[in-house]
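Each remark here refers to the structure printed beneath this line.
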Amino acid sequence: MTRSGEENTVMHLSREDQEWLDGTLDQIVKKMEAVRERNAEKIPAVAVKGVYDDRADQSIEWDMDNGINWWTNGFWGGIMWQLYHYTGDQRYMEIARISEEKMDRCFSMYYGLHHDVGFMWLPTAAADWRLTKNPESRKRALLAASLLAGRFNPAGKFIRAWNDNVPGQTESNRGWAIIDCLFNIPLLYWASEEIDDPRFKEIAMLHADTVAENFIRKDGSVRHIVEFDPVTGEMVRELGGQGYAEGTSWTRGQTWAIYGFAISFRHTKKESYLEAAKKAADRFLSRIPADWHIPVDFDQPEDPHIEDSTAAAVAAGGFLELSRMIPDRAEAYRNAGIRLLKTLAADRCDFSPEIDGILSRCTGSYHGEKDREVNFVYADYYFIEALLKLKGCDVKIW
Ligand code: GLY
5 MTRSGEENTV MHLSREDQEW LDGTLDQIVK KMEAVRERNA EKIPAVAVKG
55 VYDDRADQSI EWDMDNGINW WTNGFWGGIM WQLYHYTGDQ RYMEIARISE
105 EKMDRCFSMY YGLHHDVGFM WLPTAAADWR LTKNPESRKR ALLAASLLAG
155 RFNPAGKFIR AWNDNVPGQT ESNRGWAIID CLFNIPLLYW ASEEIDDPRF
205 KEIAMLHADT VAENFIRKDG SVRHIVEFDP VTGEMVRELG GQGYAEGTSW
255 TRGQTWAIYG FAISFRHTKK ESYLEAAKKA ADRFLSRIPA DWHIPVDFDQ
305 PEDPHIEDST AAAVAAGGFL ELSRMIPDRA EAYRNAGIRL LKTLAADRCD
355 FSPEIDGILS RCTGSYHGEK DREVNFVYAD YYFIEALLKL KGCDVKIW
């Protein structure tokens, strides 16, 4: 039993892997003791030249890209809670609460909020409630779950991703759902479990069913955005989203599916979610390059070669999670998870305390001009979470 009161499975590791894992976690804790103090008052998202930015500022209510509504704003708190749980050091808790409290402003910025409330409040408020029973945190997470449930489209049985007022949005997105939302719906599972009200879980499962049916292609590759008719619910088309093009395989989207469906299976035990996760996982495995560095899109041209270490970190967590669920693939998935983590640790990590950000070469989207091969706070979150999962002492955030 761990500090969160949850049962965790310790994975059997060779002595060499155990030493590597303990050594890597030691380096991260040493680094984060310095990084957390420099950034205690910030909500970091991207590190530029080794210095984290701050998304805590918000001047425009509908702007979801640059400020307090940014979808990754929960991950700094998430790192703090995972390391608080791992080390018992109260300072992590204090810093996690600074960003959790700052994010309260989002609740009065309705236009800029979106479906990513799961990414934002599961690693912050829900984690705080889980670990410390802070009653204010429970309220925040339940409010966020209610906002997410309110985005459900009953005709198409999907959760709408964004609002029409997103800067740069030129067409209606009332019928758009995206694969990433598989990491938001765990907030709905949490709410149903927390207040014993089935509505939230039912919405989550209706959405997950729609995604399983419409996002996973026959070959196991995954669509990023699918548009449904918001009135009839019919599927209209797929969009390339953050990948190279329509019909290609955006790697981070593939990992949201692998790990996301595994989480839905954990909460519901519905077999079709496990099948969807396995299909996406086996496709991902079949396309990993020889050097195990993950491109932004498996179908991108050879030149320029752009990587996304975030996809590698999320995939690692997904493979480790799935290895506990599918006995006949346990070894293959466990080995894949470990190899992805070891490759990142050897080639893409900066453990020096003077530099903010651990994982390099993280990319937002293939065609995006900014956030190309930079450091992302959420990449570091998933890397740390996967290492702790391997160690058997992660907080079950999702
Ligand atoms: N959730 C958006 C992304 O993966 O970039």
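For the sequence shown, our numbering gives the first residue as 5, with consecutive numbering after it. Glycine is no exception: its CB is placed at the ideal position from the N, C-alpha and C atoms.
Residue of the options minimising C-alpha distance to residue i
| i | options | result |
| --- | --- | --- |
| Ser369 | Tyr337, Ile342, Ala315 and Thr347 | Ala315 |
| Ala130 | Arg155, Gly372, Leu186 and Arg101 | Arg101 |
| Phe204 | Ala153, Glu377, Glu104 and His309 | Ala153 |
| Leu191 | Lys143, Lys161, Asp223 and Asp168 | Lys143 |
| Pro305 | Lys46, Pro202, Phe123 and Tyr248 | Tyr248 |
| Trp296 | Lys273, Arg343, Arg42 and Asp286 | Arg343 |
| Ile47 | Val226, Thr76, Gly27 and Glu37 | Thr76 |
| Lys273 | Asn218, Met209, Phe219 and Thr174 | Met209 |
| Leu151 | Trp133, His119, Glu175 and Asn157 | His119 |
| Ala181 | Asp233, Val50 and Trp24 | Asp233 |
| Glu37 | Asp58, Ala261 and Thr91 | Thr91 |
| Lys35 | Val381, Asp375, Leu391 and Ile362 | Ile362 |
| Phe79 | Leu126, Arg42 and Lys374 | Leu126 |
| Thr214 | Ile199, Trp254, Glu23 and Ser276 | Ser276 |
| Ser290 | Met329, Arg328, Ile220 and Ala340 | Ala340 |
| Ile72 | Leu392, Glu104 and Lys222 | Glu104 |
| His211 | Gln258, Arg155 and Ala350 | Arg155 |
Classification of residue i by the beta-carbon crowding that lies within 10 angstroms, buried from 16 upward
| i | result |
| --- | --- |
| Gln86 | buried |
| Asp61 | exposed |
| Gly116 | buried |
| Phe387 | buried |
| Gln246 | buried |
| Arg164 | buried |
| Asp398 | buried |
| Ile267 | buried |
| Thr252 | buried |
| Gly372 | exposed |
| Ala159 | exposed |
| Asp384 | buried |
| Glu250 | exposed |
| Gly81 | buried |
| Asp201 | exposed |
| Asp132 | buried |
| Lys53 | exposed |
| Lys400 | buried |
Beta-carbon proximity of residue i to residue j, cut-off 7 Å
| i | j | result |
| --- | --- | --- |
| Ile99 | Ala44 | yes |
| Ile298 | Asp312 | yes |
| Val300 | Thr367 | yes |
| Thr13 | Gly396 | yes |
| Ala284 | Gly321 | no |
| Phe288 | Leu278 | no |
| Trp74 | Ile183 | no |
| Ala49 | Val378 | no |
| His271 | Tyr193 | yes |
Distance between beta carbons of residue j and residue i, contact taken as under 8 Å
| i | j | result |
| --- | --- | --- |
| Ala281 | Leu324 | Not really, about 12 Å apart at Cβ, beyond 8 Å. |
| Gly179 | Val240 | 6 Å |
| Leu146 | Ile199 | 7 Å |
CA-to-CA distance, residue j to residue i, given in whole angstroms
| i | j | result |
| --- | --- | --- |
| Asp21 | Thr136 | 32 Å |
| Val39 | Asp360 | 6 Å |
| Leu243 | Arg19 | 46 Å |
| Leu186 | Pro357 | 33 Å |
| Gln94 | Ile83 | 13 Å |
| Asp286 | Glu389 | 22 Å |
| Lys346 | Ser112 | 42 Å |
| Asn70 | Pro331 | 43 Å |
| Ile310 | Lys106 | 34 Å |
| Val226 | Ala317 | 18 Å |
| Glu238 | Asn177 | 14 Å |
| Asp354 | Leu29 | 13 Å |
| Arg256 | Arg365 | 13 Å |
| Thr174 | Asp67 | 15 Å |
| Met15 | Leu394 | 6 Å |
| Tyr114 | His89 | 32 Å |
| Val230 | Phe162 | 10 Å |
| Glu140 | Arg109 | 14 Å |
| Ala216 | Ser196 | 21 Å |
| Asn167 | Ile207 | 19 Å |
| Asn218 | Arg333 | 25 Å |
| Asn138 | Met124 | 17 Å |
| Val55 | Asp375 | 14 Å |
| Ala3 | Arg59 | Any answer about residue 3 is impossible in this case: the structure gives the chain only from 5 up to 402. |
| His228 | Pro308 | 21 Å |
| Arg221 | Val33 | 40 Å |
| Phe302 | Trp254 | 7 Å |
Interface flag, residue i vs chain C, CB-CB below 7 Å
| i | result |
| --- | --- |
| Trp402 | Absent from the structure: chain C. Only one protein chain is present. |
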